[in-house]
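*Asks:* Can you keep this structure in mind? I'll have questions shortly.
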Amino acid sequence: MRSRKVQVMVIGFFIMWTFITYYVLLRTSNAQLSRKQQQQLKRLVPEALAEQSKGLQLTRNLIEFLKYKYSSNEQPGTTTTTPRISIVAAEISNEIPAPESGVKATAESKSTPSQIPTQTHLANGEPVIPILVFACNRVSVVKCLDNLVQYRPSVEQFPIIVSQDCGDVLTKEAIQTFGKQLTLIEQPDLSDIVVLPKEKKFKGYYKISRHYGWALNTTFQIGFDFVVIVEDDLNVAPDFFEYFLATHKLLKQDPSLWCVSAWNDNGKANVVDTTRPDLLYRTDFFPGLGWMLTKELWQELSVKWPKSFWDDWIRHPEQRKDRVCIRPEISRTRTFGKIGVSNGLFFDKYLKHIKLSEDFVQFSKINMSYLLKDNYDKAFLKQVYVLPLVTFDELRRNLIALDGPVRIQYNNRDQYKRITRMLGLMDDFKSGVPRTAYHGIVSFYYNKRRVHLAPNANWKGYDLSWS
Ligand SMILES: *[C@@H]1O[C@H](CO)[C@@H](O)[C@H](O)[C@H]1NC(C)=O
Ligand SMILES: *[C@@H]1O[C@H](CO)[C@@H](O)[C@H](O)[C@H]1NC(C)=O
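In full-length UniProt numbering, the protein residues as written are 1 to 467.
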C-alpha cells in the first residue's frame with residue numbers, strides 16, 4: 001500500500017513538473033512570439049522531456065551508488081548502525097520506475113509491428129544477406145545507417161534490420177526517419193540484469209550480450225544462410241556490400257573459415273599498403289567490427305551464448321576450434337563513436353587512425369580461391385619463411401639493401417610486445433592470439449615494403465598464457 005503511494009507521488013511530481021515547465025514556457029512566450037518562435041518552442045518540448053528522463057536516470061544512478069557505497073561499507077554485526085540515508089535511498093530507488101520499463105510502455109504503445117523481410121534467396125538463387133545493425137541509445141546511429149543506405153546495391157538482397165535495445169525514444173525516432181528503407185526490431189527484455197557488485201561497471205557488456213543473442217536468434221529464425229553484423233558506431237566503405245557478396249561462398253566452401261570481417265586491427269594508414277585495397281588475408285584472430293557469419297555457426301553458438309563479453313568468449317579455443325576469419329588489408333569499417341562501453345582513450349590513441357577504404361574493388365570479379373585453406377597455407381606460409389630475415393633495427397633505420405618483402409622474427413611475448421609498440425601496431429593478445437595473426441604471423445606494411453612479424457619456423461601453436 002505504502003509503496004504504491006510513494007510511487008504515485010514520485011511519478012506525479014515529475015508529471016507536474018513537466019506541465020509547469022511547459023506552461024511557463026508557453027505563457028512567457030505567448031502573444032509576443034511569432035509563429036516561428038512558437039514552433040521552435042514546441043520542438044523544444046520533446047527535448048525537455050528527454051532531458052527529464054536523463055535526470056531520472058541520473059537520480060537512479062546516484063541512488064544505486066549510495067546504496068552500493070553504504071552497503072559495501074557495512075561490517076557484519078554493525079547493521080544496526082546502517083546510515084539512515086541508505087535506508088531512505090533503498091526505499092526511494094524501489095519506488096522510481098526503472099527508466100527502461102518506463103520508456104518501454106510508451107515505445108510499445110506507439111510502435112507499429114514491423115516485419116523482417118522473409119525472402120531468403122533471390123530468384124537467381126543467390127542468398128539474401130541481411131545487415132543486422134545493433135543500436136541502443138546513440139542517435140548517431142543515423143550516420144551508420146546513412147552510409148549503409150547510400151552504398152547498398154540492392155534493397156532486395158541486403159535488407160537492413162536495425163535491432164534496438166535500451167528503449168531510447170529519441171534513438172528509435174531517429175531510426176524511424178529511414179521509413180521503409182529498413183526494418184526496426186526491438187529487443188523486448190529491457191529488464192535490469194542482476195550482476196555481482198564488483199561486476200556492476202560491466203553491466204553494459206551483459207546487456208550487449210543479451211541483445212546479440214536475441215537479435216541473432218530472431219533474424220536467423222527467418223531462415224537466412226548469412227547475416228552481417230554492424231554496430232551503431234561504424235561507418236562502412238563504398239564496397240562494403242560487394243566485399244561480403246564475393247566472400248560469402250568461401251564461408252560455405254571452407255569449413256576452416258568461420259567469419260568474414262571488414263576490419264583490420266592494424267589498419268592505420270601508415271601500416272597498410274594503400275595501393276592494395278583488393279588484398280585479403282586469413283586470420284586466427286576474430287576481428288568483429290562488421291562481420292558475417294553463417295546460420296550453421298549461429299546454431300552452434302546460440303545454445304551456449306555467454307551472458308557477457310561475447311567477443312572474448314568467441315575468441316576462446318573452445319569456441320574458435322582453430323577456425324579463422326577473412327580480413328582486408330584496408331578496413332571496410334571505421335568506428336566514429338567514442339562514447340559507450342568501450343574506452344575513449346583507446347579511441348583517441350588508436351581507433352580513429354584506422355583508414356577506411358575509399359576505392360570500390362569489384363571483389364566479385366576476383367578469383368578468391370587463394371583464400372581457401374589449402375591454397376593459402378601452401379602459398380602464404382611457404383612464402384613467409386623463405387623471405388630474407390632482418391632485424392627490427394634494420395627495418396626501422398631503413399638499412400635493408402634489397403627491395404621487397406622481409407621477415408622479422410619474434411621469440412617470446414615481451415619481444416613481440418616491444419616490437420609492435422615501436423611500430424605502432426596493436427600489441428595485445430586474446431586467448432594467446434596476437435591481433436591479425438595467422439599461424440603467429442602478423443603482416444603489415446612499413447617503409448614501403450611488406451613485413452611479416454613471424455615466430456620461428458617450427459612454431460607449435462598459440463600460448464594461452466600470452467595475454
Ligand atoms: C536461441 O534459440 C535457441 C532455440 O530456441 C535457444 O536454445 C537458445 O538459447 C537461444 N539463444 C539465445 C542466445 O537466445
Ligand atoms: C582460381 O584460382 C585457382 C588457384 O588459386 C585456380 O586453380 C582456378 O582455376 C581459378 N579459377 C578460375 C575460375 O579462374
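For every residue, glycine included, the Cβ atom is placed at its ideal position computed from N, Cα and C.
Please read these numbers as outputs of a predicted model, since none were measured by experiment.
Who are the near neighbours of Lys-295 in its chain, counting only those whose CB is closer than 7 Å to its CB and skipping five residues on each side?
*Replies:* What you label residue 295 is simply residue 295 of the sequence shown in a count that begins at 1. Excluding positions up to five away in sequence, the list reads Phe-220, Phe-224 and Asp-225.
*Asks:* So, at 8 Å on beta carbons, what are the nonlocal neighbours of Thr-183 in its own chain, with the 5 sequence-adjacent residues on each side left out?
*Replies:* Counted from its first residue, the sequence shown places residue 183 at position 183. Hits under 8 Å: Ser-114, Gln-115, Ile-116, Pro-117, Pro-159, Ile-160, Ile-161 and Val-162.
*Asks:* What does residue 506 pair with, by DSSP beta-bridge criteria?
*Replies:* As displayed, the chain neither begins before 1 nor continues past 467, which places residue 506 out of reach and without an answer.
*Asks:* When burial is assigned at 16 or more other CB atoms within 10 Å of the CB, is Ala-31 buried or exposed?
*Replies:* As a working mapping, residue 31 is identified with position 31 in the sequence shown. Note on Ala-31: pLDDT 49, under 50, position unreliable in the model; the coordinate value appears next. So Ala-31 counts as exposed.
*Asks:* Between the beta-carbon of Thr-391 and the beta-carbon of Ile-408, is there less than 8 Å?
*Replies:* For this step, residue 391 is matched to residue 391 along the sequence shown. For this step, residue 408 is matched to residue 408 along the sequence shown. Result yes, Cβ atoms of Thr-391 and Ile-408 sit closer than 8 Å.
*Asks:* List in chain order: all unbroken alpha helix (DSSP H) runs of 4+ residues lying wholly within the segment 188–272.
*Replies:* 203–220 and 240–253
*Asks:* Going by C-alpha to C-alpha distance, which of Arg-413, Lys-349 and Met-422 sits closest to Gly-432?
*Replies:* Here residue 432 is taken as the residue at index 432 of the sequence shown, counted from 1. Checked all of Arg-413, Lys-349 and Met-422; the closest Cα to Gly-432 is Arg-413.
*Asks:* Measuring straight from C-alpha to C-alpha, what distance separates Tyr-410 and Thr-436?
*Replies:* Indexing the sequence shown from 1 puts residue 410 at position 410. Indexing the sequence shown from 1 puts residue 436 at position 436. When rounded, the distance between both Cα atoms is 15 Å.
*Asks:* Whole angstroms are fine: how far does the CA of Leu-250 sit from the CA of Leu-372?
*Replies:* Your numbering for residue 372 matches position 372 in the sequence shown. Your numbering for residue 250 matches position 250 in the sequence shown. Distance between the alpha carbons of Leu-372 and Leu-250: 7 Å.
*Asks:* Run the Cβ filter for me: residues under 6 Å from any heavy atom of ligand 1, listed in the order they occur in the chain.
*Replies:* Per the Cβ criterion, the list is Gly-213, Trp-214, Asn-217, Ser-302, Val-303 and Trp-305.
*Asks:* Take Ile-351 and list the residues in its own chain whose beta-carbon comes closer than 6 Å to its own, dropping the five residues that flank it on each side.
*Replies:* By one-based count along the sequence shown, residue 351 stands at place 351. A small fix is needed here, since residue 351 is Leu in this sequence, not Ile. Here the set comprises Thr-335.
*Asks:* With a threshold of 8 Å on Cβ separation, who are the neighbours of Leu-280 within its own chain once the five nearest residues in sequence on each side are excluded?
*Replies:* Counted from its first residue, the sequence shown places residue 280 at position 280. Contacts found: Thr-247, Ile-326, Arg-327, Pro-328, Glu-329, Met-368 and Leu-371.
*Asks:* Are the CB atoms of Pro-434 and Phe-285 nearer to each other than 8 Å?
*Replies:* Sequence index remark: in the sequence shown, residue 434 carries index 434 (1-based). Sequence index remark: in the sequence shown, residue 285 carries index 285 (1-based). Yes. Within cutoff.
*Asks:* In this structure, what does DSSP give as the bridge partners for Glu-186?
*Replies:* As a working note, residue 186 is residue 186 in the sequence shown. Answer by DSSP bridge pairing, in chain order: Gln-164.
*Asks:* Use the C-beta contact count for Asn-147: other C-beta atoms within 10 angstroms, 16 or more gives buried, fewer gives exposed.
*Replies:* Translated into the one-based positions of the sequence shown, residue 147 becomes position 147. Answer is buried; the Cβ neighbour count reaches 16.
*Asks:* Taking any heavy atom of ligand 2 as the mark, which residues have a C-beta closer than 6 Å to it, listed down the chain?
*Replies:* Asn-367, Ser-369, Tyr-370 and Asn-375
*Asks:* For Pro-117, name the three-state secondary structure that DSSP assigns.
*Replies:* Here the question's residue 117 lines up with position 117 in the sequence shown. Coil.
*Asks:* Specify the secondary structure class of Ser-443 as computed by DSSP and reduced to three states.
*Replies:* Within the sequence shown, numbered from 1, the residue matching residue 443 stands at position 443. Correct three-state label for Ser-443: strand.
*Asks:* So what does DSSP say about Ser-467, is it helix, strand or coil?
*Replies:* Position 467 of the sequence shown, counting from 1, holds the residue named residue 467. DSSP places Ser-467 in coil when its eight states are reduced to three.
*Asks:* From Ser-154, Pro-153 and Val-142, pick the residue whose C-alpha is nearest to that of Leu-170; which is it?
*Replies:* For the purposes of this step, residue 170 is taken as the residue at position 170 of the sequence shown. For Leu-170, the nearest C-alpha among the options comes from Val-142.
*Asks:* Val-227 and Leu-356: beta carbons closer than 8 Å?
*Replies:* What you label residue 227 is simply residue 227 of the sequence shown in a count that begins at 1. What you label residue 356 is simply residue 356 of the sequence shown in a count that begins at 1. Cβ distance not < 8 Å, so Val-227 and Leu-356 don't count as in contact.
*Asks:* Mind reading off the beta-carbon distance from Val-236 to Gly-290? Whole number of angstroms is fine, and I expect it under 8 Å.
*Replies:* As a working mapping, residue 236 is identified with position 236 in the sequence shown. As a working mapping, residue 290 is identified with position 290 in the sequence shown. Their Cβ separation, rounded to whole angstroms, is 7 Å, which keeps Val-236 and Gly-290 in contact under 8 Å.
*Asks:* If you run the structure through DSSP and keep just helix, strand and coil, what is Met-426?
*Replies:* On the sequence shown, position 426 is the one that residue 426 refers to. The answer is coil: DSSP assigns Met-426 none of H, G, I, E or B.
*Asks:* Closest to Asp-265 by CA distance: which of Gly-288, Gln-253 and Asp-254 is it?
*Replies:* Taking the first residue of the sequence shown as position 1, residue 265 is located at position 265. Checked all of Gly-288, Gln-253 and Asp-254; the closest Cα to Asp-265 is Gly-288.
*Asks:* Residue range of the alpha helix (DSSP H) that Cys-325 falls in?
*Replies:* In the sequence shown, the residue the question calls residue 325 occupies position 325. Here Cys-325 belongs to no alpha helix (DSSP H); instead the beta strand (DSSP E) covers 324–328.
*Asks:* Asp-348 to Ala-123, Cα distance in whole Å?
*Replies:* For the purposes of this step, residue 348 is identified with residue 348 of the sequence shown, where counting begins at 1. For the purposes of this step, residue 123 is identified with residue 123 of the sequence shown, where counting begins at 1. So the two alpha carbons sit approximately 46 Å from each other.
*Asks:* Span of the beta strand (DSSP E) holding Gln-157?
*Replies:* Position 157 of the sequence shown, counting from 1, holds the residue named residue 157. Here Gln-157 belongs to no beta strand (DSSP E), and DSSP marks it neither H nor E.
*Asks:* Exposed or buried, which one is Asn-458 when buried takes at least 16 other CB atoms within 10 Å?
*Replies:* Locating residue 458 in the sequence shown gives position 458, counting from the first residue. Exposed.
*Asks:* Helix, strand or coil, according to DSSP, for Pro-76 in the structure here?
*Replies:* Position 76 of the sequence shown holds residue 76. Low confidence applies to Pro-76: its pLDDT is 34, below 50, so where it sits in the model is not reliable, and the reading given next is rough at best. Of the three classes helix, strand and coil, the one that applies to Pro-76 here is coil, per DSSP.
*Asks:* So, using beta-carbon positions, are Tyr-151 and Pro-238 closer together than 8 Å?
*Replies:* By one-based count along the sequence shown, residue 151 stands at place 151. By one-based count along the sequence shown, residue 238 stands at place 238. Yes. Within cutoff.
*Asks:* Counting only the same chain and skipping the five closest in sequence on each side, list residues whose C-beta sits under 8 Å from that of Met-426.
*Replies:* Numbered from 1 along the sequence shown, position 426 holds the residue referred to as residue 426. If we look at Met-426 and ignore the five residues flanking it on each side, its Cβ neighbours are Asp-265, Asn-266, Tyr-350, Thr-420, Pro-434, Arg-435 and Thr-436.
*Asks:* Provide the residue(s) that pair with Phe-285 in DSSP beta bridges, ordered along the chain.
*Replies:* Counting from one through the sequence shown, the residue named residue 285 turns up at place 285. Phe-285 pairs with nothing; no bridge assigned.
*Asks:* At what residues does the alpha helix (DSSP H) containing Ala-174 begin and finish?
*Replies:* In the sequence shown, residue 174 corresponds to position 174, counting from 1. Residues 169–176.
*Asks:* If you reduce the DSSP assignment to three classes, tell me which class Ile-366 lands in.
*Replies:* As a first step, residue 366 is located in the sequence shown; it is residue number 366 there, counting from the start. Three-state result, Ile-366: coil.
*Asks:* Between Cys-136 and Asp-232, is the Cβ-Cβ spacing less than 8 Å?
*Replies:* Position 136 of the sequence shown, counting from 1, holds the residue named residue 136. Position 232 of the sequence shown, counting from 1, holds the residue named residue 232. Their beta carbons are under 8 Å apart, which means Cys-136 touches Asp-232 by this criterion.
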